[in-house]
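Enquirer: My numbering applies: residue 10 is where the sequence shown begins, and numbers increase by one.
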Amino acid sequence: MRRMLITAFLFLVFLVLILPAIVVRACRPPRSEAMPHPYAGDLEVRILVDPEGIVLRLPLEEYVKGVVAAEMPATFAREALKAQAVAARTFAVRRLRDRGGTGVPGGADVRTGVEQGGQAWLSREQLKQRWGPFGFNLYWPRIQAAVRATRGLILTHQGLPIDALYHSTCAGRTENSEDVWQEARPYLRSVNCPACRHSPHARWSTRTLSLAQIAGRLGEGAAAVSAAAAGRPFLETVSITAGGRVETIRVGDRAWRANDFRLRLGLPSTRFTVELHGEQVRLRTIGWGHAAGMCQYGADGLARQGLDFRAILQHYYTNVAITPLADS
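Here it is, written out as structure tokens:
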């Protein structure tokens, strides 16, 4: 009888304690899937939300999810989403004040205003509004999976996080950094991009502005318009980049960096042509964004051709390593 009780007791211990542990271990994904990379703690990001001016605090990986969802269509190929996650994480880590980054005004590390030098970010509540309940349940798991699969990975050059810039559509070739902002960076080199042809921005579009509109947005004033009306040059392309875009353009007596010119005028890219018709200027543009670093539509195209996120990143960023945060 005693032996039967001991046997029954041991059987109960097996059922209650040991068997569940075996089942959980068997169902748990391999370490390479659950946590594929070592990670240097739970870094926190302070986010300046534009234009409200409030500062939020989030764990780095949660912040990256909101950036990927805001910056890249959730329908893009999974490897493209992974590439975006690594780029977004690197962009943030380079700016973290706690790791020696410069941060942004107000004591924050990053900001959500793209034109102010940040990267877009949306909360889960904002994404539910954008996608709707069905879309959120469909797309959010894709975003989570991309971030989880690349957890802690960043892009480095000589052991330091790079400035992992990216843009929507280069329309054939990316740019050298110095052709956009005058600062040469060894990892932001002009490369061919044959895979962004499916972008809606990979075809020419036309916009017409008056001389007065252009002068007003650039702050050139009425004198420049009067000069143009008198037959003197008002708009003139001065130089072209290696990527085939405008580098410098002269407006009246002043030379403008093309990226500054396009931002003032609200043009989608610096790959544009200018035609003067009386007091009207016809601007034809192709592409979207500054064209330095990763082309997002190109990343999607390369992923659909079978490249993984590592190959995609090392195509657009030259001389870089993909490094776990613990090793950086």
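Every residue, glycine too, gets a C-beta built ideally from N, C-alpha and C.
For the alpha helix (DSSP H) that contains Q305, what are its first and last residues?
Expert: Segment Q305 to R313, the alpha helix (DSSP H) holding Q305.
Enquirer: When the distance is taken between beta carbons, is R120 closer than 7 Å to L57?
Expert: The answer is yes: Cβ separation under 7 Å.
Enquirer: Which residues mark the beginning and the end of the beta strand (DSSP E) in which L285 is found?
Expert: Run containing L285: F281 to H286, per the beta strand (DSSP E) assignment.
Enquirer: Y175 and M303 - do their beta-carbons sit closer together than 7 Å?
Expert: Going by C-beta atoms, M303 is nearer than 7 Å to Y175.
Enquirer: Taking Cβ positions, are R198 and T327 nearer each other than 7 Å?
Expert: Contact flag set, yes.
Enquirer: Excluding sequence positions up to five away, which residues of its chain have a Cβ less than 7 Å from the Cβ of T165?
Expert: Excluding sequence neighbours, T165 sits near I171, V329, A330, T332 and S337.
Enquirer: From H286 to G253, what does the alpha carbon distance come to, in whole angstroms?
Expert: If I take the Cα positions, the gap works out to 24 Å.
Enquirer: Per DSSP, R263 forms a beta bridge with which residues?
Expert: R263 pairs with V260.
Enquirer: Going by the CB atoms, is the gap between I163 and V102 shorter than 7 Å?
Expert: Yes, these two residues count as a Cβ contact at 7 Å.
Enquirer: Counting pairs of Cβ atoms below 8 Å between the segment 81–100 and the segment 297–314, do you hit three or more?
Expert: As far as the Cβ criterion goes, the segment 81–100 touches the segment 297–314, which means the pair count is three or higher.
Enquirer: In the DSSP assignment, what residue or residues form a beta bridge with P333?
Expert: BP columns for P333 point to L162.
Enquirer: How many whole angstroms separate the CB atoms of R280 and G298, which I take to be in contact at a CB cut-off of 8 Å?
Expert: At roughly 10 Å, the Cβ-Cβ gap does not stay under 8 Å, so R280 and G298 are not in contact.
Enquirer: Expressed to the nearest angstrom, what Euclidean distance is found between the alpha-carbon atoms of T215 and T111?
Expert: Looking at the two C-alpha atoms, the distance is approximately 39 Å.
Enquirer: Would you kindly report the start and end of the unbroken alpha helix (DSSP H) that includes I63?
Expert: Here I63 belongs to no alpha helix (DSSP H); instead the beta strand (DSSP E) covers I63 to P68.
Enquirer: Indicate the three-state DSSP secondary structure (helix, strand or coil) for P39 in the structure shown.
Expert: Only weak support exists for where P39 lies, its pLDDT of 40 falling under 50; the value from the coordinates is given anyway. The answer is coil: DSSP assigns P39 none of H, G, I, E or B.
Enquirer: Can you find the residues in the same chain that come closer than 8 Å, C-beta to C-beta, to V64, ignoring five residues on each side of it along the sequence?
Expert: Same-chain partners within the cutoff: R55, I56, L57, V58, G115, G116 and A117.
Enquirer: Please state if the CB of K91 and the CB of T178 are separated by a distance shorter than 7 Å.
Expert: Cβ distance not < 7 Å, so T178 and K91 don't count as in contact.
Enquirer: Would you report the Cα separation of L52 and G126, rounded to the nearest angstrom?
Expert: The straight-line gap from Cα to Cα measures roughly 21 Å.
Enquirer: Can V156 and A89 be called in contact, C-beta distance under 7 Å?
Expert: Against a cut-off of 7 Å, the Cβ pair of A89 and V156 comes out as no contact.
Enquirer: Can the beta-carbon of Q138 be found closer than 7 Å to that of F100?
Expert: Cβ distance not < 7 Å, so Q138 and F100 don't count as in contact.
Enquirer: Whole alpha helix (DSSP H) runs in the segment 49–125 with 4 or more residues, listed along the chain?
Expert: Listed in chain order, the complete alpha helix (DSSP H) runs (minimum 4 residues) inside the segment 49–125 are 69–80 and 87–104.
Enquirer: Per DSSP, what kind of secondary structure is L197 in: helix, strand or coil?
Expert: Reduced to three states, the DSSP call for L197 is coil.
Enquirer: Per DSSP, which one or two residues make a beta bridge with P170?
Expert: According to DSSP, P170 bridges with T165.
Enquirer: So for Y326, helix, strand or coil by DSSP?
Expert: Residue state, collapsed to three classes: coil.
Enquirer: When the Cα atoms are used, what is the spatial distance from R226 to A154?
Expert: Taking the straight line from one Cα to the other gives about 43 Å.
Enquirer: Where does the unbroken beta strand (DSSP E) through Q289 begin, and where does it stop?
Expert: Looking at the DSSP string, the run of the beta strand (DSSP E) that includes Q289 is Q289 to T294.
Enquirer: Nearest-angstrom Cα distance between L272 and I223?
Expert: So the alpha carbons of these two residues sit roughly 12 Å apart.
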